[in-house]
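**Student:** Residue numbers (my numbering): 221 to 476.
Cβ atoms here follow ideal geometry from the backbone N, Cα and C, with glycine treated the same way.
Handing you this structure, nothing more for now.
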Amino acid sequence: MKYSPEEAKSLKESYDRDGYVALRGFLNADELQTLKANLQRYIDEVAPSLPKEDVFYETKDDHSTLKQLIRMSQHDAFFADMQNQGAFREVAEILLGRAVAPQNMQFFNKPARVGQPTPPHQDGYYWMITPMEGCTMWLALEDVDEENGCVRYARGSHLKGTRIHSRTTTLGFSQGIQDFPTEDDQATEAVMRAQAGDLLVHDAMTVHWADGNTSETRSRNAMGLIYYSDRAQTDEAAREAYQQELHKSLEATGKI
Ligand SMILES: O=C(O)CCC(=O)C(=O)O
221 MKYSPEEAKS
231 LKESYDRDGY
241 VALRGFLNAD
251 ELQTLKANLQ
261 RYIDEVAPSL
271 PKEDVFYETK
281 DDHSTLKQLI
291 RMSQHDAFFA
301 DMQNQGAFRE
311 VAEILLGRAV
321 APQNMQFFNK
331 PARVGQPTPP
341 HQDGYYWMIT
351 PMEGCTMWLA
361 LEDVDEENGC
371 VRYARGSHLK
381 GTRIHSRTTT
391 LGFSQGIQDF
401 PTEDDQATEA
411 VMRAQAGDLL
421 VHDAMTVHWA
431 DGNTSETRSR
441 NAMGLIYYSD
451 RAQTDEAARE
461 AYQQELHKSL
471 EATGKI
């Protein structure tokens with residue numbers, strides 16, 4: 221176990237209060253190196269044969285603008301083990317306070333200059349689960365700050381209900397909060413600069429967003445891991461209908 225009972229208690233208290241927590245130095249240099257080597261292997265050997273819904277580019281057909289890899293733990297044993305066993309799962313169990321069901325694992329890049337902003341959203345709005353019990357982990361694979369598009373949270377927003385979302389034109393983040401930013405969003409904004417190996421975790425209802433990458437040379441590589449509680453049930457019919465409609469619209473607008 222990575223965390224003592226006292227550490228676990230304090231992490232959960234802070235997560236429940238703020239709607240997020242930052243675990244600095246969660247991966248050491250060796251662990252990060254192994255992860256990056258497997259990511260490169262996945263990009264070179266696995267990604268080329270994936271369905272187009274699971275690999276997004278900022279500019280379609282320009283593979284230097286890789287933006288997002290989706291459902292990685294479903295496609296590869298290394299990433300399945302990373303999500304299903306060990307320290308990431310332990311943290312999810314601590315923060316959700318019960319057994320968990322691992323879900324999607326993603327790679328997020330914002331390529332230099334062209335990396336687009338992430339619209340403000342609540343992950344739970346996309347998930348269609350009851351009860352709304354889940355968390356998202358965001359692992360920095362390199363240093364991330366305001367210039368290359370760090371994540372931002374509205375502190376305490378997980379306790380303020382579901383916001384109204386509407387369709388965005390952003391590939392990979394199809395829904396965004398309509399009335400953002402309110403005065404409250406601005407007053408509670410937390411700018412989450414991160415160093416390689418830091419892990420951020422947020423609640424299903426926490427409002428979050430990120431700027432685009434304005435740097436000329438720096439990428440912004442990160443991984444996302446989603447866990448639901450073991451009792452959360454997905455409305456499969458609603459989710460399937462939404463996915464189909466989204467797929468059609470991404471094809472129609474030439475994005476995938
Ligand atoms: O990487 C980003 O910009 C945003 C990630 C995100 O929104 C998420 O993991 O839910």
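Kindly indicate which three-state DSSP category G376 falls into: helix, strand or coil?
**Tutor:** Residue state, collapsed to three classes: coil.
**Student:** Could you name the residues of the same chain whose beta carbon sits closer than 6 Å to that of D431, not counting the 5 residues immediately before and after it, in chain order?
**Tutor:** P337 and G369
**Student:** For V364, count neighbouring C-beta atoms within 10 Å of its own C-beta (all shown protein chains included) and say buried if the count is 16 or more, exposed if not.
**Tutor:** Counting other Cβ atoms within 10 Å of its Cβ, V364 reaches 16 or more and is therefore classed as buried.
**Student:** Which residues are close to ligand 1, meaning CB closer than 6 Å to any heavy atom, in chain order?
**Tutor:** F328, T338, D343, T356, W358, V371, H428, A430, A442 and G444
**Student:** Looking at A332 and S435, is the spacing between their C-beta atoms short of 9 Å?
**Tutor:** yes
**Student:** Would you call the CB atoms of N433 and G335 closer than 9 Å?
**Tutor:** yes
**Student:** Taking just the CA atoms, how far does L316 sit from R438?
**Tutor:** 34 Å
**Student:** With respect to the alpha helix (DSSP H) encompassing E310, which residues constitute its N-terminal and C-terminal limits?
**Tutor:** It spans A307 to L316 - the alpha helix (DSSP H) in which E310 sits, taken as one unbroken run.
**Student:** Taking M443 as part of the beta strand (DSSP E), name the residues at either end of that continuous run.
**Tutor:** For M443, the enclosing beta strand (DSSP E) covers residues A442 to S449.
**Student:** Quick one: grab the DSSP three-state call for I263.
**Tutor:** helix
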